[in-house]
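Residue numbers (full-length UniProt numbering): 1 to 61.
Rendered as C-alpha cells:
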C-alpha cells in the first residue's frame, strides 16, 4: 500500500512584489520547485536566489 502524498497550495512572494501560486507535494525537491518558478516568471535562474519561509503565527522567518 502506498500512502497518498500530501499536496499544498502555496503562494510565493517574489522580490519585485509579485506573487505566484504553486501546487506542491511533499515529494518535490526545492530545486524542482525553483524550476517551476523560473518557468512561471519567464526568467533565467541565478545562483544568488534564495528561499525564505515565513510562518507569521510562530514569528519565524
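We put the beta carbon where it would ideally sit given N, CA and C, even for glycine.
Would you call the CB atoms of residue i and residue j closer than 8 Å?
i	j	result
residue 32	residue 23	no
residue 126	residue 20	With the chain represented from 1 up to 61, any question about residue 126 goes unanswered, as that position is not in the structure.
Quick check: the Cα distance between residue i and residue j, rounded to an integer number of angstroms?
i	j	result
residue 27	residue 5	7 Å
residue 42	residue 36	10 Å
residue 29	residue 56	23 Å
residue 50	residue 58	21 Å
residue 1	residue 25	19 Å
Taking the alpha helix (DSSP H) that residue i belongs to, which residues open and close that run?
i	result
residue 30	30-41
From what residue to what residue does the beta strand (DSSP E) around residue i run?
i	result
residue 55	Here residue 55 belongs to no beta strand (DSSP E), and DSSP marks it neither H nor E.
residue 1	Segment: none, residue 1 is in no beta strand (DSSP E) and carries neither H nor E.
residue 9	7-13
residue 21	19-25
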